[in-house]
Each structure stands twice: as structure tokens, then as C-alpha cells.
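Student: In terms of the working numbering, the sequence shown opens at residue 386 and continues consecutively.
No residue lacks a Cβ here, since even glycine has one placed at the ideal position from N, Cα and C.
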Amino acid sequence: MRIYLDLCCFNRLFDDLSQTLVRLQTEARLAVQNWIREGHHSLVWSGILDLENMNNPDEERGTAISAWKATAELDVDTTASVEQTAHQFKVLGLKTMDALHLASAIEAKADRFLTTDKGILSKMRLEPRISVLDPIDFIREMDEGSDEE
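1. Enumerate in chain order the residues of its own chain whose CB-to-CB distance from Arg408 is below 6 angstroms, with the five nearest sequence positions on each side excluded.
2. Please identify the residue among Ala416, Ser431 and Ala413 whose C-alpha is closest to the C-alpha of Leu485.
3. Are there 16 or more other CB atoms within 10 angstroms of the CB of Thr500, so buried, or fewer, so exposed?
4. What do you get for Ser489, buried or exposed, if any count of 16 or more other CB atoms within 10 angstroms of its CB means buried?
5. In chain order, what are the residue ranges of uninterrupted beta strand (DSSP E) at least 3 long that sit wholly in the stretch 470 to 502?
6. Skipping 5 residues on each side, what residues in its chain have a beta carbon closer than 8 angstroms to that of Glu458?
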């Protein structure tokens with residue numbers, strides 16, 4: 386399965402882990418990254434991740450995140466098609482970078498888009514081209530799928 390993690394998902398590890406939801410999302414994100422490292426899923430990267438991460442105010446955090454690019458199966462460029470799809474999401478109220486992340490994931494034919502951003506999660510809940518999930522919900526989905534086997 387192809388998975389796209391947006392930058393807020395990558396950054397979750399660096400947030401205040403004393404908050405229960407943040408800690409749970411971090412644990413879920415770490416599990417997803419382990420599955421990617423083990424080859425159970427593949428990571429999709431994009432020029433938008435590079436661009437947004439380049440502006441990361443914490444250099445150490447940015448370096449740790451950019452190291453994941455080497456793990457990616459696919460690196461999506463920002464094309465006219467990506468920009469056109471992003472525009473559709475902006476009309477729905479998404480911020481420009483969020484819209485470009487989603488459009489990049491769709492361009493890459495990612496199966497899942499993981500984010501901890503509540504705005505993206507609520508606005509894209511019913512997006513037919515890609516399943517947009519919180520990392521915790523993705524873990525739950527994977528666990529339910531393994532119960533059926």
C-alpha cells in the first residue's frame with residue numbers, strides 16, 4: 386500500500402507528548418514508519434514535502450524528516466496537474482500547502498494520506514480519490530483487516 390504522510394504527521398514526534406492524543410498519534414506514526422522500513426507499505430514523497438520542510442524552523446527536525454525521502458518509493462514533482470487538483474481543494478477551504486500535499490498524494494496514486502491536521506481530516510473525510518486518515522485510524526484499519534484474514 387502506498388502511503389503519503391504530510392508534514393504535520395512527520396512533525397508529530399516533536400510536539401508536546403504530554404498530551405494523550407499527541408502521544409497516541411506519535412506512537413501510531415512510528416508504527417507506520419516501521420511498517421514502511423520493513424517493506425509492508427511504501428512511502429510516497431513530494432516536492433511539496435521538500436519545500437515545506439526546507440522552511441522548518443528547527444534544522445535538526447528538518448534533517449530528521451528529510452532523511453525519510455531516501456525511503457520513498459516514489460517522489461512526485463509539482464506538475465500542472467497537481468496544481469489544478471490543489472486548486473480544487475483550496476476552493477473547499479484547504480490551505481495552499483495542505484491542498485498541494487493532497488494533490489501530490491493523488492497524483493502518486495497513494496492509497497492513504499495520513500495527517501494529524503483536524504482541518505484536513507474534517508474537510509477531506511469523503512474524498513473519493515484517496516482515503517484521508519489520522520495515523521491512529523490507519524492503525525485501527527490495518528488491525529481490522531488482519532482480523533478478517
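Tutor: Answer, in terms of the structure:
1. Closer than 6 angstroms at Cβ, skipping near neighbours: Leu402.
2. Residue Ser431 is the option with its Cα nearest to Leu485.
3. The residue in question, Thr500, is buried, as its Cβ has 16 or more Cβ neighbours within 10 Å.
4. Using a 10 angstroms sphere on the CB of Ser489, the tally of other CB atoms reaches 16 or more, which defines it as buried.
5. Along the stretch 470 to 502, the beta strand (DSSP E) occurs as fully enclosed runs of 3 or more residues at 497 to 499, listed in sequence order.
6. Only Arg387, Ser427, Leu428 and Val429 meet the Cβ criterion.
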